[in-house]
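Chemist:
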Amino acid sequence: MTRPEETDNSPREDMFLIRRQKAEKIAQGGKSPYGHAVSGLQDCPSVKTAFAALPEGGVLSAKVAGRLTAKRVMGKSLFANIKDQDGFMQLYVQKNVVGDESYDLFKDLDIGDIVCAEGEMFVTRTGEASLRVQSFELLSKALRPLPEKWHGLSDMEQRYRQRYLDLISNDEVRRSFQLRSRIVQEIRNYLSSRGFMEVETPMMQPLAGGAAARPFKTYYNALNCTMYLRIATELYLKRLVVGGYEKVFEIGRNFRNEGMDRRHNPEFTVLELYEAYSDCRGMMALIEDMICHVATSIFGTLTFTRKDGVDINLSRPWRIATYHDLVREKMGADWFDLDPSAMRDKARALGLAIPDAMNALEITHEVYDKTIESTLIQPTFVTRLPAYLVPLAKRCEDNPDLVDVYELEINGQELSPGYSELNDPIEQRARFDQQLIGRGDIEGEVNRVDEDFLTALEHGMPPTGGLGLGIDRLVMLLTGEPSIRDVILFPQMRPQA
RNA sequence: GCCUUCGUAGCUCAGUCGGUAGAGCAGCUGACUCUUAAUCAGUUGGUCGACGGUUCGAAUCCGCCCGAGGGCACCA
503 MTRPEETDNS PREDMFLIRR QKAEKIAQGG KSPYGHAVSG LQDCPSVKTA FAALPEGGVL
563 SAKVAGRLTA KRVMGKSLFA NIKDQDGFMQ LYVQKNVVGD ESYDLFKDLD IGDIVCAEGE
623 MFVTRTGEAS LRVQSFELLS KALRPLPEKW HGLSDMEQRY RQRYLDLISN DEVRRSFQLR
683 SRIVQEIRNY LSSRGFMEVE TPMMQPLAGG AAARPFKTYY NALNCTMYLR IATELYLKRL
743 VVGGYEKVFE IGRNFRNEGM DRRHNPEFTV LELYEAYSDC RGMMALIEDM ICHVATSIFG
803 TLTFTRKDGV DINLSRPWRI ATYHDLVREK MGADWFDLDP SAMRDKARAL GLAIPDAMNA
863 LEITHEVYDK TIESTLIQPT FVTRLPAYLV PLAKRCEDNP DLVDVYELEI NGQELSPGYS
923 ELNDPIEQRA RFDQQLIGRG DIEGEVNRVD EDFLTALEHG MPPTGGLGLG IDRLVMLLTG
983 EPSIRDVILF PQMRPQA
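Next up, the structure:
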């Protein structure tokens, strides 16, 4: 190879130019450095398995393709590794087998190039099943170098911005996302085998309902109006229950215009499902069974170990604790008998910032939020929440101040909420109105009442159980990844200048 | 938005007290027909995130900006 004559000799361009020249040289030799479809390919692990099953001396021809990840040249023969989606294969290329011209061509290939190779399997002196290459073809010339082979890519920013490099060089990352796909698939299998119908509802909505979060705003030219990216699927799925579909679910993206951190990405994936004639208890049984089913069928276990060594045990039955009992456990049996100022003092003694304006309900919730939720590592259904927190749920029959809901906490995070859904349209309107009182109208966006949804309820919705499940957080739990960015292929990043 | 740590070759990382910018891998040249982080010899490659300041002199100290990690805040 001659040195490039170009004046720009920054190293990146240097390598880029050398590789481009190699590609041009191949093109001049009458071959394309960017090939076409290949038929008859086998994946590397299957070839190795089939070869291992042969009796000694058995002959197996194979054709594999993948990215060149290592090359060890020893004069007139060389070893190389290629990696395909499922595994890798060692290639053995000999000058006297492929011919001088072909051999030099292979010698000139770079780490990162995509090739296919055909030959017969054999076992090397050191016992590795390998492919003795009879012919090969360059399918795609890589003009840029891959990250270092041994340490891989560890720069977080580059891992997220150029996820493809992360996937090429870090096998654990590749595995995590394969597991994510299987988890979602298994949830679909589970639900459809129980008669649930998968549906799709609008992501662009004229008002973002079903939760209280700041929405992303966009503009629809043809209708000359502002639209919002959905923050929840709830109100549309309930319209379908009104419409007579008794078991529906949706797995899709929600968007919330809020901060991002280890547990939050502005777009995140959620399962929501509704089952007519069921309730909160039906939902608890369902979510417990579904998560255990997914865990055992994909991981073969109900015990998961976090990266910091803490075990999470999903064995049934899961703990059920009322919101009030948990607060009493933390703050004393007399907590709910205290007057607000005594509550305030006690909460402040824990280091919480409690403004004077907070009432007893709010102080209690601040205590729960800041000091209790994160301690619920093992699966816990928190039940009977204060009604003011959950305007879309039915009140408990024995106590109108509480709603008949659960919040499933695992690993210190809310993984899944479930409700006995409120199906009384008059009360629903009142609860919406109540919610508006005292809440600042955030840019006029959040607090408008979805009249169309109320109209649907007025047509009659059967008693219904519903639940949501944060898919990203479930995947974090099952794969042990501590950051949501490691279970989302392309996490949100600030655009580069 | 706030606090904090970080940003050095394509990648992984050193860089002492402010005194000419370093290694390994990758690349390039050569040797080598059973290697596997191949080996051996030689060798190219740097706007030290950007800008400004202090200084005889800045990767190093100061300021500001950009980007990332962690924490906080926001998040029915």
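Number 977 in the working numbering belongs to position 475 of the first sequence; there are no gaps in the numbering. Note that beta-carbon positions come from the ideal geometry of N, C-alpha and C, so glycine has one too.
#1: Between which two residues does the alpha helix (DSSP H) harbouring Y825 extend?
#2: Quick one, are the C-beta atoms of M963 and V744 less than 8 Å apart?
#3: Output needed for S632: all residues of its chain with C-beta closer than 8 Å, excluding positions within five of it in sequence on either side, in chain order.
#4: Where does the unbroken beta strand (DSSP E) through P888 begin, and where does it stop?
#5: Could you tell me which residues DSSP puts in a beta bridge with N815?
#6: Mapping DSSP to helix, strand and coil, what is V617?
#7: According to the Cβ coordinates, are L969 and L917 closer than 8 Å?
#8: Near S780, what residues of its chain come up, given a Cβ to Cβ distance below 6 Å and the 5 sequence neighbours on each side ignored?
#9: Please identify the residue among R634, G577 and S541 whose C-alpha is closest to the C-alpha of S563.
#10: Would you mind reading off the limits of the alpha helix (DSSP H) that contains N756?
#11: Report the option in L804, D974, M706 and R830 whose CA atom is closest to the CA atom of F770.
#12: What is the DSSP secondary structure of D586, counted as helix, strand or coil?
#13: Using the DSSP secondary-structure output, state which residues sit across from I822 in a beta bridge.
#14: For the alpha helix (DSSP H) holding D602, just list the boundary residues, first then last.
#15: Return the first residue and the last residue of the beta strand (DSSP E) that T873 is part of.
#16: What first and last residue would you give for the alpha helix (DSSP H) that runs through E774?
#17: Rounded to whole angstroms, what is the Cα-Cα separation between E508 and R521?
#18: Classify L917 as helix, strand or coil using the three-state DSSP reduction.
#19: Based on Cα-Cα distance, which residue from K585, Q587 and F638 lies nearest to Y605?
#20: Since G568 sits in a beta bridge, which residues does DSSP pair it with?
#21: With the cut-off set at 8 Å, would you say G784 and E774 are in Cβ contact?
#22: Given this structure, state the Cα-to-Cα distance separating A554 from V561, to the nearest angstrom.
#23: Let me know if G660 comes out buried or exposed under the rule of 16 or more other beta-carbons within 10 Å of its beta-carbon.
#24: In chain order, what are the residue ranges of uninterrupted alpha helix (DSSP H) at least 4 long that sit wholly in the segment 710-753?
Modeler: Quick answer:
#1: Indexing the first sequence from 1 puts residue 825 at position 323. Its alpha helix (DSSP H) spans residues Y825 to M833.
#2: Position 461 of the first sequence holds residue 963. Position 242 of the first sequence holds residue 744. Contact: yes.
#3: As a working mapping, residue 632 is identified with position 130 in the first sequence. Cβ neighbours of S632 beyond the five flanking positions: F581, M591, Q592, L593, Y594, M623, F624, V625 and T626.
#4: Position 386 of the first sequence, counting from 1, holds the residue named residue 888. It spans T882 to P888 - the beta strand (DSSP E) in which P888 sits, taken as one unbroken run.
#5: Along the first sequence, read from residue 1 onward, the residue named residue 815 stands at position 313. BP columns for N815 point to T805.
#6: Position 115 of the first sequence, counting from 1, holds the residue named residue 617. Looking at V617 - three-state DSSP - the assignment turns out to be strand.
#7: For the purposes of this step, residue 969 is identified with residue 467 of the first sequence, where counting begins at 1. For the purposes of this step, residue 917 is identified with residue 415 of the first sequence, where counting begins at 1. No, the Cβ-Cβ distance between L969 and L917 is not below 8 Å.
#8: Residue numbering aside, residue 780 sits at position 278 when the first sequence is read from its first letter. Within the same chain, S780 has close Cβ partners G967.
#9: Along the first sequence, one-based indexing puts residue 563 at 61. Checked all of R634, G577 and S541; the closest Cα to S563 is R634.
#10: As a position in the first sequence, residue 756 is number 254, starting the count at 1. First-last for N756: K749 to F757, but that is the beta strand (DSSP E), not the alpha helix (DSSP H).
#11: For the purposes of this step, residue 770 is taken as the residue at position 268 of the first sequence. For F770, the nearest C-alpha among the options comes from D974.
#12: Reading the first sequence from its first residue, position 84 is the one you call residue 586. It is coil, neither helix nor strand.
#13: Position 320 of the first sequence, counted from the start, is the residue given in the question as residue 822. DSSP, once it has assigned bridges, lists F883 as partnering I822.
#14: Locating residue 602 in the first sequence gives position 100, where the first residue counts as 1. Residues D602 to K609.
#15: Position 371 of the first sequence holds residue 873. Neither: T873 is in no beta strand (DSSP E) and is coded neither H nor E.
#16: In the first sequence, the residue the question calls residue 774 occupies position 272. Here E774 belongs to no alpha helix (DSSP H); instead the beta strand (DSSP E) covers E769 to A778.
#17: Sequence index remark: in the first sequence, residue 508 carries index 6 (1-based). Sequence index remark: in the first sequence, residue 521 carries index 19 (1-based). Any reading at E508 must be qualified, since the residue scores a pLDDT of 35, below 50, and its modelled position is unreliable; the value itself is stated next. Answer to the nearest angstrom: the Cα atoms are 13 Å apart.
#18: For the purposes of this step, residue 917 is taken as the residue at position 415 of the first sequence. The answer is strand: DSSP assigns L917 an E or B state.
#19: Against the first sequence, residue 605 aligns to sequence position 103. Among K585, Q587 and F638, the Cα nearest to that of Y605 is on F638.
#20: Residue mapping note: residue 568 aligns to position 66 of the first sequence, counting from 1. Beta-bridge pairing links G568 to V617.
#21: Here residue 784 refers to the residue found at position 282 when the first sequence is read from its first residue. Here residue 774 refers to the residue found at position 272 when the first sequence is read from its first residue. No, the Cβ-Cβ distance between G784 and E774 is not below 8 Å.
#22: Position 52 of the first sequence, counted from the start, is the residue given in the question as residue 554. Position 59 of the first sequence, counted from the start, is the residue given in the question as residue 561. In a straight line, the C-alpha of A554 is about 11 Å away from that of V561.
#23: Stepping through the first sequence from its first residue, residue 660 is reached at position 158. Reading the sequence as shown, one finds Gln at residue 660 and not Gly. The residue in question, Q660, is exposed, as its Cβ has fewer than 16 Cβ neighbours within 10 Å.
#24: 736-744
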